[in-house]
Structures are given as structure tokens and as C-alpha cells.
Amino acid sequence: MLYRALEMKPDLRKMLIDYLKKGIKEENEQNNISDLLDILSGLAINKTNIPDIVSDNFIQTVAQFVKSPNEDIKYNSLELLLLITNARIKENDQLIQNLIGDLNFIVLIGQKSQLIDMLVLKKQLEWNSDNEQLSKMDQLYQILSRLSNEQEELQIQTSKQEIIPLIVHLLINANVMIIKQEQKQEQFPLLSLGIISCCCFVIAQIIIINKNTALDFLGSQIPKVLFNVLNHLPVSLCKNVHIQAMFYLTNNSSFALINKIEQLGTILVINRFLKHPSSSIFKTMAVTLFNVLNVFSSLATQKTKFPAELPNFSKYPIFDELQNDDVLKA
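The numbering of the sequence shown is the UniProt record's numbering, which starts it at 1 and goes up by one.
See the structure below:
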């Protein structure tokens, strides 16, 4: 549908855009609002559609959805606003910055795609040009972009020499910000959330590109600093991207490496996030827990290592929903 829409004549495209905007303004069903915003974002990729999209004060309408408790609506509205700013029309850019603030796009990191993440960092750097952490996050994505074209040996070398030091630096700085905010009893810092999402996304993607890099990640400071910041991350802010990093780090790892990250409190971190209301996050966490315990259960001396830490799944909020699921059975 979207492909055909992009091929439409301008007058028909305008009719479609007006129809979508009307639906977003009048629709009461949240899933429908989310879908309409998503389709409109697809049309916003074509910069010639932006004037029709932003007409009739529609930027203000979309900005109201950024505060929606529905995460799909929130993320899709932010993505649409981001794509509007990507058209580089100064008045639109300034209006969006005034409406949502200097750093709100950062919550999109790890939620959509690598391309969207890079657009997020580009825009946030425009609005916060002197922010060293944003600059290093952008640097991390630039390295990731070129990694898939490198030979396997060079990928491992790049991971050791460039990526691991950057991730460790970013996570240590995120931890410092988190501690300061906790001492002040303030909300979890938005920049720290972006850093954690960025690092988790890059870790997962690099292991997908070259699974041998997981050994270097596990042998570095990354597990220590990563599980430390994740232990401070409020459960409500946990996203699939955070869990994917843990999943790939623990997947098919040796006993010695699993033992190392278990000593850093991995089971306790996983146990915390199993209380998340999202069934998809619960499933990923359950599989990650299975990865860790499966290594230990293969050694008779380790079978009863975690009795006090293991979760009682029946006490979790979505147990009834998932009790027939294969993941829970495993």
C-alpha cells in the first residue's frame, strides 16, 4: 500500500495524506492511531510530501501524541516528527524543538531501525552540538555502518580497538549521570537512557554480524558496566533492545564466561525485568535466563547454583497470558 502511495500522482497523494490526518485527529482506537501515524511516516520519507503533512497545524497535533502512554503511538509520533525535521525546513524544525524539547528523539534509539537511530543522533547533535556523549554515540553508529563490509579478522580488530572502548566510556558516563540523578531524586536521565539503548543495539548488531566478537565483549569491562546501568534502569523503561544485548552476550557462551557475568548479578537483573508488563519483553528475558541456566545445568555441580535467585513465574503479572507458551514451558 505504501509503495503504491509513493507512486501516486501528487493530487492523489495529497488526498491520501488529508485522509490519514483526518483519521488521526478523529480516531479513538489507539491501535488505529498508531497505524495511521506509521503510514504517514512512510509518506514523510518523501520530502515533497512534508508541506501537505504539516499543513493545518498538524505538527502540534502530532506533538500531543508524544506524551501518550501507548508506546506505539509515542514512538510513531516521534518518528513522524523526526522525518519532518529531516526535510530541513527551518520553521518546522524550530517548532518541533520548542514542542518536544532538545532530547526527546533519543528515546527512539533501538526502537525502529539503524537508519532512524542515525537520523536521531544527527538531529540531536544539531540541537545539542557541544554534547560529547551524543558525538560518541554517533561515532559508534558510524563504525557499525562500515563493519559489515569489513573482513572477519578486521571486524574483530575494530571491535577490540574502537567499539569496546567507546561502549565502556559511554556506559561509565551514563552510570555517573544516573547516580547524580538518583541522589537528587530526579527522573531517570534521558541521555543515559539513549546511551544504554545505543550501546545495547550496537552490541547485539555486532554479534549478529560476527558472533566471535561476543568473546571479546565478555572478556572486556562491558558486562560489568552494562549490567550495572541495567540494574539501575527502571523496569518501565526497559525495552527489547536492552534485552537483546543480554541475549546475544549469553547465547551459546561457555561456562567460564557465563560464570563471570553471573557474578556481576545477571540473574538478578533478568529477574527484575521479568516483571515488565510487555509479553514480548518477558519472553526475551525468559529465553535469556534459559541461556544462562542451560550452561550451568550441563554441569552437575552447578545445577543448584541459583535457588534463591530464580523467579517464581506464577507470581508475575502476565503468567496467565503466557502459561501455554513454549518459552515458559522451557
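Backbone N, C-alpha and C fix where the C-beta goes; we use that ideal spot for every residue, glycine too.
Which residues bound the alpha helix (DSSP H) around residue i?
{"i": "residue 354", "result": "Look at the range of the chain in this structure, 1 to 330, and you will see that residue 354 is not part of it."}
{"i": "arginine 146", "result": "132-147"}
{"i": "arginine 272", "result": "266-273"}
{"i": "valine 66", "result": "Segment: none, valine 66 is in no alpha helix (DSSP H) and carries neither H nor E."}
{"i": "proline 51", "result": "50-54"}
{"i": "valine 176", "result": "164-183"}
{"i": "lysine 160", "result": "Per DSSP, lysine 160 belongs to no alpha helix (DSSP H) and is neither H nor E."}
{"i": "asparagine 76", "result": "71-85"}
{"i": "asparagine 251", "result": "Careful: asparagine 251 lies outside any alpha helix (DSSP H) and carries neither H nor E."}
{"i": "glutamate 186", "result": "Taken as a continuous stretch (DSSP letters only), glutamate 186 belongs to no alpha helix (DSSP H), as it is neither H nor E."}
{"i": "aspartate 117", "result": "114-127"}
Where does residue i fall in DSSP's three states?
{"i": "lysine 211", "result": "coil"}
{"i": "cysteine 238", "result": "coil"}
{"i": "proline 223", "result": "helix"}
{"i": "phenylalanine 201", "result": "helix"}
{"i": "aspartate 18", "result": "helix"}
{"i": "serine 41", "result": "helix"}
{"i": "leucine 299", "result": "Since pLDDT at leucine 299 reaches only 46, below the 50 mark, its modelled position is unreliable, and no value is offered."}
{"i": "glutamate 152", "result": "helix"}
{"i": "threonine 57", "result": "Position check: residue 57 holds asparagine in this sequence, whereas threonine was assumed. Asparagine 57 falls in the coil class under three-state DSSP."}
{"i": "proline 277", "result": "coil"}
{"i": "isoleucine 109", "result": "coil"}
{"i": "arginine 88", "result": "coil"}
{"i": "lysine 283", "result": "helix"}
{"i": "aspartate 102", "result": "coil"}
{"i": "lysine 47", "result": "helix"}
{"i": "glutamate 26", "result": "helix"}
Between residue i and the rest of its own chain, which residues show a CB-CB distance below 6 Å, the 5 nearest in sequence each way excluded?
{"i": "valine 269", "result": "Phe227, Leu230, Asn231"}
{"i": "asparagine 291", "result": "Thr250, Asn251"}
{"i": "tyrosine 248", "result": "Ala204, Ile207"}
{"i": "glutamine 111", "result": "Tyr75"}
{"i": "leucine 36", "result": "Leu20, Gly23, Ile24"}
Excluding the 5 residues flanking residue i on each side, which residues of the same chain have their C-beta closer than 8 Å to its C-beta?
{"i": "leucine 191", "result": "Leu103, Ile106, Asn131, Gln133, Leu134, Ala174, Met177"}
{"i": "isoleucine 17", "result": "Leu40, Leu43, Asn49, Asp52, Ile53"}
{"i": "glutamine 187", "result": "Gln181"}
{"i": "lysine 25", "result": "Thr61"}
{"i": "lysine 123", "result": "Leu82, Thr85, Asn86, Phe105"}
{"i": "serine 34", "result": "Asn70, Asp72, Ile73, Asn76"}
{"i": "asparagine 128", "result": "Asp102, Leu103, Leu134"}
Please work out which residues of its chain come closer than 7 Å, Cβ to Cβ, to residue i, disregarding the five sequence neighbours upstream and downstream, and give them in chain order.
{"i": "leucine 121", "result": "Leu134, Met137, Asp138, Tyr141"}
{"i": "isoleucine 281", "result": "Cys238, Asn240, Ile243, Phe273"}
{"i": "asparagine 149", "result": "none"}
{"i": "valine 66", "result": "Lys74, Ser77, Leu78, Ile100, Asn104"}
{"i": "aspartate 11", "result": "none"}
{"i": "threonine 288", "result": "Ile243, Met246, Phe247, Thr250, Ile270"}
{"i": "methionine 15", "result": "none"}
{"i": "asparagine 210", "result": "Glu152, Gln155, Ile156"}
{"i": "residue 333", "result": "Because the chain spans 1 through 330 in this model, residue 333 falls outside it and cannot be assessed."}
{"i": "phenylalanine 58", "result": "Lys21"}
{"i": "glutamate 27", "result": "Ile33, Leu36"}
Under 8 Å between C-beta atoms, does residue i make it to chain D?
{"i": "phenylalanine 201", "result": "The chain labelled as chain D is not found in the depicted structure, where only one protein chain is given."}
TODO: Answer yes if the region 64-76 comes into contact with the region 45-56, meaning at least three C-beta pairs across the two stretches below 8 Å, and no otherwise.
DONE: no
Open item on the list: Contact between the region 144-162 and the region 193-200 is defined here as three or more beta-carbon pairs at a separation below 8 Å; is this criterion met?
Closed with: no
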